[in-house]
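In this text, residue positions in the sequence shown follow the numbering used here: the first is 470, and each later residue adds one.
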Amino acid sequence: RISCLKTQGLYVPKVIYKEDGVLSVECCPAKCLYGDNVQEVSINDFDRFVHYLKDFLAKLGIKTTLEHIRFATCWRVDYAKLIYASASSGYIMDLFSNAVPQGRRKSSITVYHNEGKAVSESLKRRRLVLYDKKREVLNDSHNSEELKELMRQLSGSLWRMEYSMKTAKEIKRELKQTAYDERVELWYLFNEKIGQCILQKHFRDLQGCIVCWHPNQALSFIRKAMEDSSIQGRRKTVYQMALALLVAILGIKNVIPIIKEHAGASQARAFVRSAKQLQTLINPNFDVYLADINKALQSMQPMRWQELQSLPSKDNSEFFSCLNAPVLLTNILDKCKRKLGKSLGGK
């Protein structure tokens, strides 16, 4: 029966009937109701979702009641929000791929087909992930051509921020840190306000760990620092220049282990603090781009087809052009040569 439904092009939840008599259903509510998860659900969709599951199970020969579904125990929950950002996808990915994880958290970057990327932070059975939804939609053959064309014309980038809890214990752990009760029934957890609270909490932690500079920005900072420095401040300027170059070329995650190995853990921590202080100097638009994400999480309004159509259309502009390390170093050397030439009377 499931094969028959799949051949009809319908989304099919994963259903497992376990030996102990427990029926397990794993599904995406948005895909159940809309056929994709670009459109989002809210608490107002709960009754419709419950009826959908009851009818779907009946097609498989499994009889249940609406009450059984409403009060079903959740052993996994993924809260997510679609986020439109005015910055390019490459810039947003650079921001979060250079976040330094706190405590025992582990970070990872996943590369998908056709340049799709995701960056995540995980701790045992909890995981925060941010991935390029626009790229995913374009790569998925199951999506309609109408939706793909909408993504092609979209200016900026579209992201999905998702926080997964993979056991009932982990769900309760997260709820304990919010103002909500530690309940794991479906009717209680099917609430975007709970998701909003959890996503905002973890995004605050994530954005506090970001240290990311584009080579163009680092170069602009170095030039300004050299022009504004007095003779007495040259030593500090040289240090800042080295710091900016290291982070821009190697990335903060690659620099920290080197400093820790040769100068000790305290110097590595001091390095991270200095890097964060320079962040806003090098990229004055840093807070503007993060505001796009915070705005979406604060409103937590479900994305529907009408909202997707109202997003800005592409104007073929990019915030930054790409400079790799050799080009960056060549530009710096050229400037040094010009200054040296002037100091020697142009000889």
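Note that beta-carbon positions come from the ideal geometry of N, C-alpha and C, so glycine has one too.
What you are looking at is a predicted structure, and each value in this text was computed from that prediction instead of being measured.
| field | Range of the contiguous beta strand (DSSP E) that encloses tryptophan 774 | value | Unbroken run through tryptophan 774 is the alpha helix (DSSP H), 774-778; no beta strand (DSSP E).
| message | Suppose you measure from the CA of histidine 537 to the CA of isoleucine 512; what does that come to, to the nearest Å? | response | CA-CA distance, histidine 537 to isoleucine 512, rounds to 18 Å.
| message | Nearest by alpha-carbon distance to valine 494: which of Lys523, Ile727 and Leu502 is it? | response | Answer by Cα proximity: Lys523.
| Using DSSP with H/G/I as helix, E/B as strand and the rest coil, what is leucine 479? | Note: leucine 479 maps to coil in three-state DSSP.
| said: So leucine 766 and leucine 675 are supposed to be a Cβ contact under 8 Å. How far apart are they, rounded? | reply: Incorrect: roughly 12 Å between the Cβ atoms, too far for contact.
| Given that a residue counts as buried once 16 or more other Cβ atoms are within 10 Å of its Cβ, and exposed if not, what is asparagine 506? | Buried, by the Cβ-count rule.
| request: Run the CB neighbour count on lysine 528, radius 10 Å, all protein chains shown included, and call it buried at 16 or more, exposed below. | output: With fewer than 16 Cβ atoms within 10 Å of its Cβ, lysine 528 is classed as exposed.
| query | Excluding the five sequence neighbours on either side, which residues of its own chain have a C-beta within less than 7 Å of the C-beta of glycine 504, listed in chain order? | reply | Counting only Cβ-Cβ distances below 7 Å, and skipping sequence neighbours, we find Tyr480.
| said: With a threshold of 6 Å on Cβ separation, who are the neighbours of methionine 620 within its own chain once the five nearest residues in sequence on each side are excluded? | reply: Counting only Cβ-Cβ distances below 6 Å, and skipping sequence neighbours, we find Lys603, Val606 and Leu607.
| request: Between the Cα of serine 626 and those of Lys645, Ile762 and Arg673, spot the shortest distance and give me the residue it belongs to. | output: Comparing C-alpha distances from serine 626 to each of Lys645, Ile762 and Arg673 shows the shortest one belongs to Ile762.
| For chain C, is any of its Cβ atoms less than 8 Å away from the one on glutamate 618? | Protein chain content of the structure displayed is limited to a single chain, and chain C is not contained in it.
| message | Quick check on the burial criterion: 16 or more other C-beta atoms within 10 angstroms. Buried or exposed for arginine 652? | response | With fewer than 16 Cβ atoms within 10 Å of its Cβ, arginine 652 is classed as exposed.
| Can the beta-carbon of phenylalanine 540 be found less than 8 Å from the beta-carbon of glutamate 654? | Remark: C-beta atoms of phenylalanine 540 and glutamate 654 approach each other more closely than 8 Å.
| query | Closest to leucine 623 by CA distance: which of Gln770, Ala554 and Gly733 is it? | reply | Checking every option, the nearest Cα to that of leucine 623 belongs to Ala554.
| query | In the DSSP assignment, what are the bridge partners of methionine 634? | reply | Beta-bridge pairing links methionine 634 to Val546 and Arg595.
| request: Compare the C-alpha of valine 580 against each of Lys593, Arg574 and Leu599 and name the closest. | output: Proximity to valine 580 across Lys593, Arg574 and Leu599 peaks at Leu599, based on C-alpha coordinates.
| task | Using the DSSP secondary-structure output, state which residues sit across from isoleucine 629 in a beta bridge. | result | Reading off the sequence, residue 629 comes out as arginine, not isoleucine. Answer is Leu551 and Tyr600.
| message | If distances are taken between C-alpha atoms only, which option among His520, Tyr649 and Tyr632 comes closest to leucine 551? | response | That would be Tyr632, whose Cα lies nearest to the Cα of leucine 551.
| message | So, does the segment 629-649 touch the segment 657-672, judging by three or more C-beta pairs under 8 Å? | response | In this structure the segment 629-649 lies against the segment 657-672, because at least three pairs of beta carbons, one per stretch, are closer than 8 Å.
| Bridge partners of alanine 587, per DSSP? | According to DSSP, alanine 587 shares a beta bridge with Thr579 and Tyr600.
| said: Tell me the rounded alpha-carbon separation between alanine 499 and methionine 769. | reply: For alanine 499 and methionine 769, the gap between their C-alpha atoms comes out near 15 Å.
| request: Throw me the rounded Cβ distance for the leucine 502 and aspartate 514 pair, which I believe falls under 8 Å. | output: Rounded to whole angstroms, the Cβ separation of leucine 502 and aspartate 514 is 6 Å, and the two are in contact under 8 Å.
| task | Throw me the rounded Cβ distance for the tyrosine 634 and arginine 595 pair, which I believe falls under 8 Å. | result | In the sequence as displayed, the identity of residue 634 is methionine instead of tyrosine. That pair is a contact at about 6 Å.
| message | For glutamine 508, which residues in the same chain have their Cβ closer than 7 Å to its Cβ, ignoring the five residues on either side in sequence? | response | Excluding residues within five positions, the ones whose Cβ falls inside 7 Å are Ala499, Met772, Arg773 and Trp774.
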